[in-house]
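Beneath this line is the structure, given in structure tokens, with notes to follow.
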């Protein structure tokens, strides 16, 4: 059976990509603190040759590969930061940094992009145009590193941008594509409800902040079920409810916070207005007061159809239609959206789940990991996409 060079080259580099991933997994660093991570990436890229390296921000890296002829400019992005989680895995390359863990696959993202950079840097003379390999810091913490890198100019003149996320809900061996809205805009809200504290045996002498706040939590769900078109997508989740000190005291105030997820910009703007209407009505009805703060996070990730179609066709070309899934959007957030504000692009999923190996834990879990067989597929997708977009040779190897 014949296979494309991108598949062959990624298989040949598989062990090295795994080694890079394991090094990064052992040495995770939090958002905006990726000093050793970015230095390792810089030195690894430097060893490949043929590329111009830069540090657009303190903890990010960009490698620019310029071909022998003018052409299009393709950007490929990987995120490099880790999470404040204490790892509970038992393999021999677990985190050596206490309380910090690569629990979302960013170590794999970085390793896959290093693999693609190594392969493509050796084919500089075939390249018509330019490839920018973007290793982005601070995806996990708003305002995120993507916007900083955009402001630093990494997207100037770019014609298309792509990236991938190793995805634990998707079986290893599969590539997932989403046309249009893919990942939601993740906003955050903070709410303090103030009543009048007192003895729990004499509730009539108080304004019970817990009782009022409980009604607010329940009624906020009416925004999704009764104020928004049921065909639209909106999530309102209260994730913190904090108040009180002991069993016989009604607290004077309760603190809540949570998240709102949406795709449509109009619904995103409407959500805090609807929320405050509910909050105001309930607190006033019970003689309580409130303080409400709403903070917008990343924009939604909206894939452009033509780039998505090309990636869809590339995945089918490399691995067959049976291994490509057209997936539904997800309400998680991603600051890849900052790059998509600058040019057309597509973010796709690379399956990393393997139930036979027990690799089933969700992202941001203390036992999250990936099936490392996924890594070579991400590399091949990056390489083959560059070949197609920039007119490189796609010789077939038997």
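In full-length UniProt numbering, the protein residues as written are 1 to 398. Glycine included, each C-beta is placed from N, C-alpha and C at the ideal position. All figures in this text were calculated on a predicted structure; none of them were measured in a lab.
Which of the three DSSP states is assigned to residue 225 in this structure? Within the chain shown, the letter at position 225 stands for residue 225. Residue state, collapsed to three classes: helix.
Helix, strand or coil: how does DSSP classify residue 136 here? To locate residue 136, count along the chain shown from 1; it is residue 136. In the three-state reduction of the DSSP assignment, residue 136 falls in the strand class.
Helix, strand or coil, according to DSSP, for residue 349 in the structure here? Residue numbering aside, residue 349 sits at position 349 when the chain shown is read from its first letter. DSSP places residue 349 in strand when its eight states are reduced to three.
Residue 262 by DSSP, collapsed to three states: which one? What you label residue 262 is simply residue 262 of the chain shown in a count that begins at 1. Residue 262 falls in the strand class under three-state DSSP.
Helix, strand or coil at residue 21 [DSSP, three-state]: Locating residue 21 in the chain shown gives position 21, where the first residue counts as 1. In the structure shown, residue 21 sits in a helix (DSSP, three-state: H, G or I).
Taking the C-alpha atoms as reference points, what is the distance between residue 306 and residue 354? Residue numbering aside, residue 306 sits at position 306 when the chain shown is read from its first letter. Residue numbering aside, residue 354 sits at position 354 when the chain shown is read from its first letter. Approximately 31 Å, taken between the alpha carbons.
Just to confirm, are residue 344 and residue 146 a CB contact at a threshold of 8 Å? Within the chain shown, the letter at position 344 stands for residue 344. Within the chain shown, the letter at position 146 stands for residue 146. Taking C-beta atoms as the reference points, residue 344 and residue 146 fail to come closer than 8 Å.
So, residue 390 versus residue 67, is the Cβ gap smaller than 8 Å? If you number the chain shown from 1, residue 390 lands on position 390. If you number the chain shown from 1, residue 67 lands on position 67. Against a cut-off of 8 Å, the Cβ pair of residue 67 and residue 390 comes out as a contact.
Collapsed DSSP secondary structure at residue 339 in the structure displayed: Against the chain shown, residue 339 aligns to sequence position 339. Helix, per DSSP.
Within 8 Å, do at least three Cβ pairs link the region 255 to 265 to the region 180 to 193? Touching, yes, given that three or more Cβ pairs across the two stretches are closer than 8 Å.
Quick one: is residue 47 buried, meaning 16 or more other Cβ sit within 10 Å of its Cβ, or exposed? Within the chain shown, residue 47 is the residue found at index 47, counting from 1. Within 10 angstroms of the beta-carbon of residue 47 lie fewer than 16 other beta-carbons, which makes it exposed.
Pick from 213, 219, 230 and 217 that is closest to residue 243, judged by C-alpha positions: The residue given as residue 243 occupies position 243 in the chain shown. Selected option, being the one with the closest Cα: 213.
Cβ of residue 177 within 8 Å of Cβ of residue 308? Reading the chain shown from its first residue, position 177 is the one you call residue 177. Reading the chain shown from its first residue, position 308 is the one you call residue 308. Yes, these two residues count as a Cβ contact at 8 Å.
Using 10 angstroms around the beta-carbon of residue 414, count the other beta-carbons present and answer buried if the total reaches 16, otherwise exposed. Nothing can be reported for residue 414, as the shown portion of the chain is limited to 1 through 398.
Separation of residue 79 from residue 157, as counted between CA atoms: Along the chain shown, one-based indexing puts residue 157 at 157. Along the chain shown, one-based indexing puts residue 79 at 79. Taking the CA atoms as reference points, residue 157 sits about 21 Å from residue 79.
Where are the beta strand (DSSP E) runs, 3 residues long or more, that stay fully inside the region 167 to 241, in chain order? Taking 3 residues as the shortest admissible run, the region 167 to 241 contains the following complete beta strand (DSSP E) segments, listed from N- to C-terminal end: 175 to 177, 180 to 183 and 185 to 194.
Run through the region 27 to 64 for me and flag every whole alpha helix (DSSP H) of 4 or more residues, listed as ranges in chain order. Qualifying alpha helix (DSSP H) stretches, in chain order: 35 to 48.
Return the first residue and the last residue of the beta strand (DSSP E) that residue 289 is part of. Walking along the chain shown from the start, residue 289 turns up at place 289. Run containing residue 289: 289 to 295, per the beta strand (DSSP E) assignment.
Label residue 387 either buried or exposed according to how many other C-beta atoms from any shown protein chain fall within 10 Å of its C-beta, with 16 as the threshold for buried. Working through the chain shown from its first residue, we reach residue 387 at position 387. Within 10 angstroms of the beta-carbon of residue 387 lie 16 or more other beta-carbons, which makes it buried.
Less than 8 Å between the beta carbons of residue 69 and residue 128, yes or no? As a working note, residue 69 is residue 69 in the chain shown. As a working note, residue 128 is residue 128 in the chain shown. Going by C-beta atoms, residue 69 is nearer than 8 Å to residue 128.
Residue 162 beta carbon less than 8 Å from that of residue 113: The residue given as residue 113 occupies position 113 in the chain shown. The residue given as residue 162 occupies position 162 in the chain shown. In this structure, residue 113 sits away from residue 162, with a CB-CB distance that is not shorter than 8 Å.
Mind checking who residue 411 pairs with in its DSSP beta bridge? Because the chain is modelled from 1 through 398, residue 411 falls outside the range shown and cannot be assessed.
Would DSSP call residue 309 helix, strand or coil? Position 309 of the chain shown holds residue 309. Reduced to three states, the DSSP call for residue 309 is helix.
From 340, 18 and 115, pick the residue whose C-alpha is nearest to that of residue 371; which is it? Along the chain shown, read from residue 1 onward, the residue named residue 371 stands at position 371. Taking only the C-alpha atoms, the option nearest residue 371 is 18.
Unbroken alpha helix (DSSP H) run spanning residue 377, endpoints: Working through the chain shown from its first residue, we reach residue 377 at position 377. Counting along the chain, the alpha helix (DSSP H) containing residue 377 begins and ends at 374 to 389.
Below 8 Å on the Cβ atoms is my guess for residue 121 versus residue 62; work out the distance and round it to an integer in Å. As a position in the chain shown, residue 121 is number 121, starting the count at 1. As a position in the chain shown, residue 62 is number 62, starting the count at 1. That belief does not hold up - the Cβ atoms of residue 121 and residue 62 are roughly 14 Å apart, past 8 Å.
Alpha carbon to alpha carbon, how far is residue 14 from residue 275? Give it in angstroms, no decimals. Looking up residue 275 in the chain shown gives position 275. Looking up residue 14 in the chain shown gives position 14. Using only the alpha carbons, I get a separation of about 50 Å.
Who are the Cβ neighbours of residue 346 in its own chain at under 7 Å, not counting the five residues just before and after it? Walking along the chain shown from the start, residue 346 turns up at place 346. Contacts found: 162, 303, 304, 307, 308 and 311.
According to the Cβ coordinates, are residue 164 and residue 378 closer than 8 Å? For the purposes of this step, residue 164 is identified with residue 164 of the chain shown, where counting begins at 1. For the purposes of this step, residue 378 is identified with residue 378 of the chain shown, where counting begins at 1. Contact flag set, yes.
Cβ-based neighbour list, residue 171, same chain, cut-off 6 Å, excluding 5 preceding and 5 following: One-based indexing of the chain shown puts residue 171 at position 171. Here the set comprises 351 and 353.
Comparing alpha-carbon positions, which option in 191, 383, 16 and 134 lies nearest residue 292? For the purposes of this step, residue 292 is identified with residue 292 of the chain shown, where counting begins at 1. By alpha-carbon distance to residue 292, the top candidate from 191, 383, 16 and 134 is 191.
Just the C-alpha distance for residue 154 and residue 284, rounded to the nearest angstrom, thanks. Looking up residue 154 in the chain shown gives position 154. Looking up residue 284 in the chain shown gives position 284. Using only the alpha carbons, I get a separation of about 50 Å.
Quick one, are the C-beta atoms of residue 54 and residue 149 less than 8 Å apart? Taking the chain shown and counting its residues from 1, the one referred to as residue 54 is at position 54. Taking the chain shown and counting its residues from 1, the one referred to as residue 149 is at position 149. Not closer than 8 Å, so no.
Local Cβ density within 10 Å of residue 9, reported as buried at 16 or more and exposed below that: As a first step, residue 9 must be located in the chain shown, where it is residue number 9. It is buried - the Cβ of residue 9 has at least 16 other Cβ atoms within 10 Å.
Between the region 78 to 96 and the region 16 to 36, can you find at least three pairs of beta-carbon atoms closer than 8 Å? Flag = yes, the region 16 to 36 and the region 78 to 96 touch.
Using beta-carbon positions only, say whether residue 111 and residue 21 come within less than 8 Å of one another. Translated into the one-based positions of the chain shown, residue 111 becomes position 111. Translated into the one-based positions of the chain shown, residue 21 becomes position 21. Yes; because the gap between Cβ atoms is below 8 Å, this pair is in contact.
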